[in-house]
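**Q**
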Amino acid sequence: MTRARLAAVSTVLALAASGLALTAPTASATAPTAATAGPSRAAAPAAPARTWRPRPATYAGVATQSDLAIPTSDGKLLRADLRLPAGADGKPVPGRHPVIITITAYNKSLLGRAGGLGGADSAYLVRRGYAHLTVDARGTGSSEGTWDVLGPREAKDAKEVVEWASSSARPWSNGRVGMNGPSYMGISQVLAAGQHPRGLRAIFPQVPGADVYRDVVASGGQLDVGFMPLWLGLVTGAGLIPPAVTASNPASGLGALLAHLVSAGTVTAALLVDAVLGGKTAYDGPFYAERTPMRFARRITVPTFLVSGEYDLFQRGTPLIFENLRNRKVPVKLVVGPWDHLQASGGAEFGRAGLGSLSEVQLRWFDRYVRGVKDPTLHRDIKPLTYHEIGTGRWRTSHRWIGKQRARSFRLSGRSTTGGAKGLLTEGRTSAGTAKVLPIPVQGLCTRSTNQWTAGLPNAVLPQLPCFKDNAVNDRLGVVFQTEPLRKPLRFQGPINARLYTSSAGGDGMLSVSVSDVAPDGTVDRITGGWQVLSHRALDKRRTRYLDGKVLQPFHPFTRAAQKKLRRGEIAPVDVEIFPTAAKIKRGHRLRVSIQAFDVPHLLPNLALAAGMLSVLTVHTGPKHPSELTVPGSLTRRGRVSAWRRGRPARG
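Counting in my numbering, the sequence shown tops out at residue 1009, every number present.
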């Protein structure tokens, strides 16, 4: 192995080990709170007071039974902790209860100390008559077997866990089951629900992904080294803690620990090394196809309540699940807030959407669909979509993620230079020009993207860091195109596409594109971003989304077979998928596009791509090379969109 490859592997393994320190302060999700310092401005309350009120606790306490054994069809045992309603004496009350299940890869024994990763405190539901079962996924925590990383065996386990909990053989279960939890725990719900397990009545996934490869593993074709090593390290490290069950069942506990140790070397490390070296896991293919949550989401029929964040890891994927369920008329809700991954997972700011706290809304959802209690105002109080609008801080409601919108294209015009002249972004005539994008390996460092793609950890430690709120300094490291001050506000909601006519001195490179709102005082609010490796520019038109004939959400194959470098002197259109959002650029503000060649520490190339990433790129503009940004502009006067500020209806 060459020195370069050894260095790359050592770096990745060190990053994976650093994932063991992934902790953050825990915030209560049982009641609405004031906005905490975060990567966005505080949002105004969403709506007038609702008529629904959460019912009070029925039971005084919570009793816990640890390390219940759940047998699987291949003979392995999964382990679970069960929380039951208890009386004042701390003993479980007799009787059967509806069951809420959380399947985690983060070790159920540590979940309560995992910061925002744990979601809402289950005690809120338990004291109101639910049983709560937290299960360690196969090969993690106290469970036996080898971690399957959301693979086919783990999906099968999810179904079997639900059916085990719904069985009449469980003396504490009445056969009705719901599921909850954020992130990995949210994806587990999607895997289970897509298989229609007996007893499952509703799910409540926070920040689940839809497409593992495109959402988080390799944005635009480069590897997400900001999050993936941390995440794999977290799961691996949590699985190496000796299981508590060892004391009561040495064979099972020690067997599980040994399997986890083997898995750390043969699964986790192998995946990282293979991806870094440009192996099969660096490209989309069968490995990711069988781990794609959308494959299961397409078959979900139970009521589903989704939570997403505008600065979340799964910013792209969660709305896609919502759209699929909505189109199939499955009862579904989506709340999108100004949150990073930890914030959206913990739910401390969920109450700012005006619907109640996270725990209260979960209670309402499960009471209606798991317990079967009538709730005549549920769908009036909670519209299919409730979302925060960047730029105004308002919370809005709608019936669809992309509804009665039209494509608005802002064309790049003239020339732009790194740190110097800015080009024009216009809906009018354009002039020919070029913009040299220099490969500067610190581009993206200390930006809102940095916080987003490290799951919100920097914001948890340094919430007041100025570069999370103002992207102006980073923009000087790339080329910029922006509109004149807008005469009328611009509102858009959904995915965005940047089609950039590009050439490369070395035949390859990456376009890192950010879309921002520039205030009159010069503050640059980075709204969202997207990334695309030039050699992965091939477009799957069948799976690409169009609006008014314009590409709105490109779909690139990201396979080795489809990869193709640019020829010397070739100028090609490259569609850059900008991750979806909802924003309003106010009158007097400017819409800005910034283009760079790196997004550190979010993305780095695998070794097969590394040499080409140092190429100088040229973006071409003008009538012959119509580079443009296309957004789905909202038609608020005719569309079904409403908003509130301070409890009063606001005009569109």
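For every residue, glycine included, the Cβ atom is placed at its ideal position computed from N, Cα and C.
Any idea if Glu927 is buried or exposed, counting beta-carbon neighbours within 10 angstroms, 16 or more meaning buried?
**A** Within the sequence shown, numbered from 1, the residue matching residue 927 stands at position 570. By the 10 Å Cβ count, Glu927 comes out exposed.
**Q** Just the C-alpha distance for Ser907 and Asp572, rounded to the nearest angstrom, thanks.
**A** For the purposes of this step, residue 907 is taken as the residue at position 550 of the sequence shown. For the purposes of this step, residue 572 is taken as the residue at position 215 of the sequence shown. What sits at residue 907 in the sequence shown is Lys, not Ser. Rounded to whole angstroms, Lys907 to Asp572 spans 22 Å at the Cα level.
**Q** Is it right to say Pro643 is buried, meaning 16 or more other beta carbons lie within 10 angstroms of its own, or is it exposed?
**A** In the sequence shown, counting from the first residue as 1, residue 643 sits at position 286. Pro643 is exposed by the Cβ-count criterion.
**Q** Relative to the C-alpha of Glu746, which candidate in Gly776, Val692, Leu769 has its C-alpha closest?
**A** Translated into positions along the sequence shown, residue 746 becomes position 389. It is Val692 whose Cα lies nearest to the Cα of Glu746.
**Q** Pick helix, strand or coil for Pro937, following the three-state DSSP scheme.
**A** The residue labelled residue 937 in the question sits at position 580 within the sequence shown. Note: Pro937 maps to strand in three-state DSSP.
**Q** Identify which residue in Val574, Glu680, Pro650 has its Cα closest to the Cα of Tyr640.
**A** The count along the sequence shown starts at 1 and reaches residue 640 at position 283. Out of Val574, Glu680, Pro650, Val574 has the C-alpha closest to the C-alpha of Tyr640.
**Q** Taking only the alpha-carbon atoms, compute the straight-line gap between Thr658 and Arg721 and give it to the nearest angstrom.
**A** Locating residue 658 in the sequence shown gives position 301, counting from the first residue. Locating residue 721 in the sequence shown gives position 364, counting from the first residue. Whole-angstrom Cα-Cα distance: 19 Å.
**Q** If I follow the unbroken beta strand (DSSP E) through Asp697, where does it start and stop?
**A** If you number the sequence shown from 1, residue 697 lands on position 340. 689-697 is the extent of the beta strand (DSSP E) around Asp697.
**Q** Any idea what DSSP makes of Asn684, helix, strand or coil?
**A** Your numbering for residue 684 matches position 327 in the sequence shown. Asn684 falls in the helix class under three-state DSSP.
**Q** Spell out a yes or no on whether the region 663-683 and the region 801-810 are touching, meaning 3 or more CB-CB pairs, one atom from each, closer than 8 Å.
**A** Cβ pair count under 8 Å is three or more, so yes.
**Q** Using 8 Å for Cβ pairs, my map puts Leu580 next to Asn963. What's the rounded Cβ distance?
**A** Here residue 580 refers to the residue found at position 223 when the sequence shown is read from its first residue. Here residue 963 refers to the residue found at position 606 when the sequence shown is read from its first residue. 6 Å between Cβ atoms; contact.
**Q** Check whether the Cβ atoms of Val890 and Gly635 lie closer than 8 Å to each other.
**A** As a first step, residue 890 must be located in the sequence shown, where it is residue number 533. As a first step, residue 635 must be located in the sequence shown, where it is residue number 278. No; because the gap between Cβ atoms is not below 8 Å, this pair is not in contact.
**Q** So the candidates are Phe915, Arg656, Pro989, Gly703; which of them puts its Cα closest to the Cα of Ser540?
**A** Residue numbering aside, residue 540 sits at position 183 when the sequence shown is read from its first letter. Of the candidates Phe915, Arg656, Pro989, Gly703, the one whose C-alpha sits nearest the C-alpha of Ser540 is Gly703.
**Q** Could you check the C-alpha separation between Cys803 and Asn831 for me, to the nearest Å?
**A** The residue labelled residue 803 in the question sits at position 446 within the sequence shown. The residue labelled residue 831 in the question sits at position 474 within the sequence shown. C-alpha separation (whole angstroms): 8 Å.
**Q** Keeping to the same chain, check which residues put their C-beta closer than 7 Å to that of Thr491; ignore five residues upstream and five downstream.
**A** If you number the sequence shown from 1, residue 491 lands on position 134. The residues are Ala437, Asp438, Thr459, Thr461, Lys465, Leu468.
**Q** Leaving aside the five residues before and after Pro389 along the sequence, list all residues of the same chain whose C-beta is less than 6 Å from its C-beta, in chain order.
**A** Within the sequence shown, residue 389 is the residue found at index 32, counting from 1. Below a pLDDT of 50, predicted positions are generally treated as unreliable, and Pro389, at 37, falls in that range; the measurement from the model is reported next regardless. Hits under 6 Å: Gly708, Ser714.
**Q** Once DSSP output is grouped into helix, strand and coil, what is the label at Lys845?
**A** Stepping through the sequence shown from its first residue, residue 845 is reached at position 488. Coil at Lys845, not helix or strand.
**Q** For a quick check, are the C-beta atoms of Gly711 and Trp758 less than 8 Å apart?
**A** Locating residue 711 in the sequence shown gives position 354, where the first residue counts as 1. Locating residue 758 in the sequence shown gives position 401, where the first residue counts as 1. Not in contact: Gly711 and Trp758 (Cβ atoms no closer than 8 Å).
**Q** Indicate whether Val534 and Ala522 have their beta-carbon atoms separated by less than 8 Å.
**A** Working through the sequence shown from its first residue, we reach residue 534 at position 177. Working through the sequence shown from its first residue, we reach residue 522 at position 165. Closer than 8 Å, so yes.
**Q** Is the CB-CB distance between Arg947 and Leu857 below 8 Å?
**A** The count along the sequence shown starts at 1 and reaches residue 947 at position 590. The count along the sequence shown starts at 1 and reaches residue 857 at position 500. Cβ distance not < 8 Å, so Arg947 and Leu857 don't count as in contact.
**Q** In its own chain, which residues sit with a C-beta less than 7 Å from the C-beta of Pro989, not counting the 5 before and 5 after it?
**A** Taking the first residue of the sequence shown as 1, we reach residue 989 at position 632. Cβ neighbours of Pro989 beyond the five flanking positions: Ile759, Gln762, Ala764, Phe849, Gln850, Gly851, Leu904, Leu909.
**Q** Out of curiosity, what's the CA-to-CA distance linking Arg883 and Val872?
**A** Sequence index remark: in the sequence shown, residue 883 carries index 526 (1-based). Sequence index remark: in the sequence shown, residue 872 carries index 515 (1-based). Their Cα atoms are separated by approximately 6 Å.
**Q** Could you tell me whether the region 440-459 touches the region 405-424, using the rule of 3 or more Cβ pairs below 8 Å?
**A** Yes, they touch.
**Q** Exposed or buried, what is His698 when buried is set at 16 or more other beta-carbons lying within 10 Å of its beta-carbon?
**A** Against the sequence shown, residue 698 aligns to sequence position 341. Answer is buried; the Cβ neighbour count reaches 16.
**Q** Thinking Gly790 and Gly566 are a contact (beta carbons under 8 Å), I'd like their distance in whole angstroms, please.
**A** Residue 790 sits at position 433 when you count from the first residue of the sequence shown. Residue 566 sits at position 209 when you count from the first residue of the sequence shown. Incorrect: roughly 39 Å between the Cβ atoms, too far for contact.
**Q** From Thr859, Tyr463, Lys637, pick the residue whose C-alpha is nearest to that of Ser892; which is it?
**A** The count along the sequence shown starts at 1 and reaches residue 892 at position 535. Out of Thr859, Tyr463, Lys637, Thr859 has the C-alpha closest to the C-alpha of Ser892.
**Q** Using C-beta distances below 6 Å, list every residue in its chain close to Leu971, excluding the 5 sequence neighbours before and after it, in chain order.
**A** In the sequence shown, counting from the first residue as 1, residue 971 sits at position 614. Within the same chain, Leu971 has close Cβ partners Pro796.
**Q** Relative to the alpha-carbon of Thr649, which residue among Leu677, Leu663, Gly969 has its alpha-carbon at the smallest distance?
**A** As a first step, residue 649 is located in the sequence shown; it is residue number 292 there, counting from the start. Considering only alpha carbons, the answer is Leu677.
**Q** If Ile853 and Thr880 are in contact, beta carbons under 8 Å, what's the gap, nearest whole angstrom?
**A** Position 496 of the sequence shown, counted from the first residue, corresponds to residue 853. Position 523 of the sequence shown, counted from the first residue, corresponds to residue 880. Between Thr880 and Ile853 the Cβ distance is about 21 Å, and since that is not below 8 Å, they are no contact.
**Q** Just tell me which of Val564, Pro528, Trp504, Gly835 has its CA closest to the CA of Leu628.
**A** Counting from one through the sequence shown, the residue named residue 628 turns up at place 271. Nearest C-alpha to Leu628: Trp504.
**Q** Using a threshold of 8 Å, state whether the C-beta atoms of Ala1051 and Ala515 are closer than that.
**A** Absent from the structure is residue 1051, since the part of the chain shown begins at 358 and ends at 1009.
**Q** How is the alpha helix (DSSP H) around Gln546 delimited, first residue to last?
**A** As a first step, residue 546 must be located in the sequence shown, where it is residue number 189. Looking at the DSSP string, the run of the alpha helix (DSSP H) that includes Gln546 is 541-550.
**Q** Use the C-beta contact count for Thr408: other C-beta atoms within 10 angstroms, 16 or more gives buried, fewer gives exposed.
**A** Counting from 1 along the sequence shown, the entry for residue 408 is found at position 51. With fewer than 16 Cβ atoms within 10 Å of its Cβ, Thr408 is classed as exposed.
**Q** Where does the unbroken beta strand (DSSP E) through Met651 begin, and where does it stop?
**A** As a first step, residue 651 is located in the sequence shown; it is residue number 294 there, counting from the start. Run containing Met651: none in the beta strand (DSSP E); it sits in the alpha helix (DSSP H), 650-654.
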